[in-house]
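**Q**
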Amino acid sequence: MKKLYFILLCSLLITSFVNGQTITEIINQVQLDSLQLTLREFTGEQPTTINGNEVTITNRIHSNNELAADYLYQKFDRLDNITVSNQLIDGEAGRRNIIGTQLGKTNPDNIYIICAHYDSVADYCADDNASGTAAILEIARILSTQCLDNTIVYALWDEEEIGLQGAAYYANQAAANNDNILGVLNIDMMGYDGDNDNNFDIDVRDVGNSLTMKDDLISILNTPEYGFTLEVNVVNPGTTASDHARFWNRDYSAVLVGESWESGDETPFYHSSNDRYSTLNFPYYHQLTKLIMGYMVTKAGLVAVDNTVTQNINTLTANQNGAAYQWFNYDTNTSIVGATNQSYTPIINGNYVVEISSGSCVEKSMPITINSLGMETFSDSEIVLYPNPVKTNLVVDIPSISDAVVLELYDISGKKILAKTSSGSKTILDLSALSNGVYFLKARTNNKFKISKIIKD
Ligand SMILES: [Zn+2]
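As numbered in numbering that gives the first Met the number 0, residues 0 to 456 make up the sequence shown, in order.
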């Protein structure tokens with residue numbers, strides 16, 4: 000009886016969410032605060048930790064950028080599904096490309112490259128080209144959680160500023176190996192939009208399938224569901240003054256994406272130490288990163304593994320059926336012995352992830368927080384929610400509790416969407432901006448909690 004009740008409860012709470020993530024969901028995982036933290040650390044605006052030591056990356060001038068290279072190596076090394084390597088240019092120490100490779104599970108020989116140079120000519124150089132570098136780290140952070148059809152190479156070049164040497168070395172090696180590179184998307188300076196007109200450039204030439212790459216990018220840009228408000232300038236023949244040109248030299252398909260030199264709206268602080276974090280246009284930068292993510296995830300191809308988790312009170316259930324499961328304590332990064340079923344009920348409060356192995360794919364979920372163990376639940380009359388289903392404002396009516404109640408709204412994947420502390424007996428949550436679907440509202444004080452299912456329509 001107890002088991003039947005549990006299954007009934009689960010089927011009430013779990014909606015049909017049988018496929019993997021959609022492209023829209025992946026695009027929307029690009030986080031501005033994550034981009035900004037990387038930018039500040041990588042341009043020396045704030046210290047960071049490299050190999051266990053707190054350090055400041057004071058500059059990335061080609062003769063002095065070992066620390067920057069170590070930072071990038073460490074970033075890739077922490078991600079799942081990516082193998083990182085140092086590629087020494089001409090085999091020489093101190094001149095190195097940092098290459099992260101995520102092998103495709105369906106067509107490993109089909110290679111798409113996303114790349115940017117990380118060296119600079121002066122201190123800071125936030126736009127040129129910490130902006131492109133940080134965008135690639137953010138895209139890698141998100142795509143590395145996914146099982147992909149095709150291989151993605153995340154390449155960060157050294158010595159662009161002294162003749163595109165890092166990219167030249169890679170492109171020559173690739174051509175010699177007959178690497179099947181289907182497209183190279185180079186990013187060089189993508190954070191400046193002084194007049195807020197949202198213009199950006201795609202530099203292209205009629206080499207290989209480069210023009211098709213440009214068309215595919217524009218098709219992502221114009222997909223209404225993604226909601227982009229950027230304006231494109233196609234520059235053909237495009238500049239040869241950045242790394243993609245070395246791939247054109249080897250007849251590979253390539254484009255450059257970045258801020259708009261074409262409309263005269265490039266950074267006025269070019270190649271100077273005034274090119275700093277504070278001069279960037281963050282809404283523009285965020286959106287352009289999302290556009291590039293849209294292109295890369297489309298080319299990569301998502302193998303449909305669902306790595307989302309549904310939380311039902313204190314039980315976590317992986318939404319992917321028919322896989323092998325291993326639950327982890329995310330805080331200690333340790334696997335939990337015996338926790339290999341589709342569902343897991345933690346016995347201590349903390350953050351949890353599940354690793355899902357399906358076919359040749361291995362994906363991990365985002366961490367889910369369990370913080371209500373050992374607590375009583377509120378009764379239905381203590382926390383009243385209406386209307387439900389809701390279109391705009393959800394009223395949280397707490398008639399009889401004097402303590403402040405923390406209200407947290409989660410989406411179906413367990414991601415926290417908003418948090419608010421109750422004030423007085425009625426608290427209004429404005430849900431008008433949310434897309435339609437199922438959400439969970441967690442209400443808690445220090446000793447009581449309740450999770451309620453909310454339908455937005
Ligand atoms: Zn540059």
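Every residue gets a Cβ at the ideal spot worked out from N, C-alpha and C, and that includes glycine. As the structure is a prediction and not an experimental result, all values here were calculated from the model.
1) State the start and end residues of the unbroken beta strand (DSSP E) segment that holds ALA173.
2) Mind checking SER399: buried by the 16 CB within 10 Å criterion, or exposed?
3) Return no unless some Cβ of chain B is closer than 9 Å to the Cβ of THR222.
4) Report whether the distance from the Cβ of HIS116 to the nearest heavy atom of ligand 1 is below 8 Å.
5) If distances are taken between C-alpha atoms only, which option among VAL152, ILE382, ASN185 comes closest to ALA173?
6) Taking just the CA atoms, how far does SER357 sit from GLY321?
7) How long is the line joining the alpha carbons of SER15 and GLU91, rounded to whole angstroms?
8) So ASN235 and ARG204 are in contact, right, with Cβ under 8 Å, and what is the actual spacing, rounded?
9) Any heavy atom of ligand 1 inside 8 Å of the beta-carbon of ASN340?
10) With 16 other CB atoms within 10 Å as the buried threshold, where does HIS270 fall?
11) Could you check if SER431 is buried or exposed, using at least 16 other CB atoms within 10 Å of its CB as the buried criterion?
12) Let's test the definition: count the other Cβ atoms within 10 Å of the Cβ of THR391 and tell me whether it reaches 16, buried, or not, exposed.
13) How many Å lie between MET292 and VAL29 at the Cα?
14) Which of the three DSSP states is assigned to TYR385 in this structure?
15) Do TYR191 and ASP126 count as a contact pair if the criterion is CB distance below 9 Å?
16) Is it buried or exposed for GLU354, if we count other Cβ within 10 angstroms and need 16 for buried?
17) Starting from ASP396 and walking both ways along the beta strand (DSSP E), at which residues does that stretch end?
18) May I ask you to report which of helix, strand or coil DSSP gives PHE75?
19) Quick check: what's the CA-CA separation for ALA67 versus ILE56?
20) CB-CB under 6 Å to SER451, same chain, minus the five flanking residues each way: which ones, in chain order?
21) Over the uninterrupted beta strand (DSSP E) stretch that includes ALA308, give me the two end residues.
22) How big is the Cα-Cα spacing for SER241 and VAL302?
23) Here's a check: name, in chain order, each residue in its chain whose Cβ is nearer than 7 Å to the Cβ of ILE217, leaving out the five neighbours to either side.
24) Should GLN45 be labelled buried (16 or more other beta-carbon atoms within 10 Å of its own) or exposed?
25) Between ARG95 and the rest of its own chain, which residues show a CB-CB distance below 7 Å, the 5 nearest in sequence each way excluded?
26) Cα separation between TYR117 and ALA133?
27) Taking all protein chains shown into account, decide if ARG77 is buried (16 or more other Cβ within 10 angstroms of its Cβ) or exposed.
28) Note down, in chain order, each residue of its chain lying with its Cβ closer than 7 Å to the Cβ of LEU12, except the 5 sequence neighbours on either side.
29) Identify whether GLY293 lies in helix, strand or coil by the three-state DSSP scheme.
30) Can ASP127 be considered in contact with ligand 1, in the sense that its beta carbon sits closer than 8 Å to one or more heavy atoms?
31) Taking 8 Å as the threshold, find out whether the stretch 315-333 comes into contact with the stretch 371-380 through three or more Cβ pairs.
32) Any chance the CB of SER431 is under 8 Å from a heavy atom of ligand 1?
33) How close, in whole Å, do the beta carbons of ILE186 and HIS61 come, if the pair is a contact with beta carbons under 8 Å?
34) In chain order, which continuous runs of the alpha helix (DSSP H) of length 4 or greater are located wholly inside the stretch 70-138?
**A** So, from the data block:
1) First-last for ALA173: 164-175, but that is the alpha helix (DSSP H), not the beta strand (DSSP E).
2) Burial call: exposed.
3) This model lacks chain B altogether; it includes just one protein chain.
4) Yes, the beta carbon of HIS116 sits closer than 8 Å to at least one heavy atom of ligand 1.
5) Taking only the C-alpha atoms, the option nearest ALA173 is VAL152.
6) Cα to Cα, the separation comes out at about 8 Å.
7) Confidence is the limiting factor: at SER15 the pLDDT is only 33, short of 50, which leaves the residue's position unreliable, though a coordinate-based value still follows. Between SER15 and GLU91, the C-alpha separation is close to 54 Å.
8) So it is a contact: roughly 6 Å between Cβ atoms.
9) Answer for ASN340: no, Cβ out of range of ligand 1.
10) HIS270 comes out exposed.
11) With fewer than 16 other beta carbons inside 10 angstroms of its own, SER431 counts as exposed.
12) With fewer than 16 other Cβ atoms within 10 Å, it is exposed.
13) Their Cα atoms are separated by approximately 8 Å.
14) DSSP, read as helix, strand or coil, puts TYR385 in strand.
15) Pairing ASP126 with TYR191 gives a Cβ-Cβ distance under 9 Å.
16) The residue is buried, with at least 16 neighbouring Cβ atoms inside 10 Å.
17) Here the beta strand (DSSP E) through ASP396 covers 392-396.
18) The three-state secondary structure of PHE75, taken from DSSP, is helix.
19) If you draw a straight line from the Cα of ALA67 to the Cα of ILE56, it comes to about 6 Å.
20) Only LEU384, LEU440 meet the Cβ criterion.
21) Inspection of the sequence shows that residue 308 is occupied by Val rather than by Ala. Its beta strand (DSSP E) spans residues 308-311.
22) Between SER241 and VAL302, the C-alpha separation is close to 33 Å.
23) Within the same chain, ILE217 has close Cβ partners VAL231.
24) Looking at its Cβ environment, which holds fewer than 16 other Cβ atoms inside 10 Å, GLN45 is exposed.
25) So the qualifying residues of the chain are ALA68, ASN85, GLN86, LEU87, ILE88, ASP157.
26) Distance between the alpha carbons of TYR117 and ALA133 is about 9 Å.
27) The Cβ neighbour count for ARG77, taken over all protein chains shown within 10 Å, is under 16; the residue is labelled exposed.
28) In this predicted model, LEU12 has a pLDDT of only 42, less than 50, meaning its place in the structure is not dependable enough to derive any value.
29) GLY293: helix per DSSP, three-state reduction.
30) Result yes, Cβ under 8 Å from ligand 1.
31) Judged by Cβ distances under 8 Å, the stretch 315-333 makes no contact with the stretch 371-380, as fewer than three pairs qualify.
32) Using a cutoff of 8 Å, the CB of SER431 does not count as near ligand 1, since none of the ligand's heavy atoms is closer than that.
33) Between HIS61 and ILE186 the Cβ distance is about 19 Å, and since that is not below 8 Å, they are no contact.
34) Qualifying alpha helix (DSSP H) stretches: none in this window.
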